[in-house]
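Residue numbering for the sequence shown follows the numbering used here, beginning at 86 and increasing consecutively. The structure appears below as structure tokens.
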Amino acid sequence: AYAFPEYDTPIKIGKKVIVIGAGNTAMDAARTARRLGAEVIIAYRRGKEDITARIEEVEHAKEEGVRFEFFLSPMEFIGDENGRVKAVKFMKMKALEERDSRGKRKIVPTGDTIVLEADTVVIAIGKTTSKLLRMTMAKIEADEYGVIKVDEKLMTNIPGVFAGGDAIRG
């Protein structure tokens with residue numbers, strides 16, 4: 086068992102942190118890194134209106150000094166001579182008027198890139214429903230991204246079966 090404070094586990098975090106993603110987990114990671122004294126950037130491939138984190142989490146992150154960079158899609162981690170990350174190369178993106186099946190504006194690369202310095206990178210993306218859940222509950226309707234479709238009461242297409250959280254938000 087963990088016996089704090091007799092066995093203190095050090096938290097190794099750099100001075101320049103990039104968090105990739107914009108969900109609640111990304112906000113938690115960014116705010117924690119900020120409280121540990123790091124400069125923090127949240128890099129998100131979409132725009133501000135597409136952030137999936139709760140608005141309160143976003144506002145708290147801003148209040149704590151987290152910087153947001155939108156329409157950036159990670160391409161490459163750049164390392165130093167010791168194999169440690171020193172920067173992230175991003176492709177700049179832009180939103181189209183056309184929307185996808187979830188109603189979000191489609192995004193496409195602009196062809197331009199930007200490099201942001203970082204000595205720590207946290208990847209906080211990829212919320213999807215469990216493959217096991219999707220395989221065993223094949224009759225539950227979901228969109229092309231695996232996001233479960235629900236009505237205003239959070240019921241799926243199967244009466245009495247409800248879904249919530251990341252499974253319905255994507």
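Think of the CB as a built atom: it goes at the ideal place given N, C-alpha and C, for glycine as much as any other residue. Just so it is clear, the structure is predicted and the values come from calculations on it, not from any experiment.
Beta strand (DSSP E) segment containing A128, residue limits: 124 to 129
Own chain, CB closer than 7 Å to D135, minus 5 neighbours either side, in chain order: K189
Neighbourhood of G150 by C-beta distance below 7 Å, restricted to the same chain and skipping five residues each side: R119
Which listed residue (S158, I98, K191, V246) has its alpha carbon closest to that of L170: Leu is not the amino acid found at residue 170; the sequence shown has Val there. Minimum Cα distance to V170 is reached at I98.
Collapsed DSSP secondary structure at A180 in the structure displayed: strand
Buried versus exposed call for A86 [16 or more other C-beta atoms within 10 Å across all chains shown]: Because the pLDDT at A86 is just 42, under 50, the model does not fix this residue reliably, and the value given afterwards should be weighed accordingly. Exposed.
Where the alpha helix (DSSP H) through D113 begins and ends: 109 to 120
Limits of the unbroken beta strand (DSSP E) element including R161: Position check: residue 161 holds Glu in this sequence, whereas Arg was assumed. Residues 157 to 164.
Close Cβ partners of D57 (< 6 Å) along its chain, the five nearest in sequence each way excluded: Outside the displayed span of the chain (86 to 255) sits residue 57, for which this structure offers no information.
Collapsed DSSP secondary structure at G99 in the structure displayed: coil
Cβ-Cβ distance between T137 and A114 below 9 Å: no
DSSP bridge partner residues for R190 (one or two, in chain order): R184
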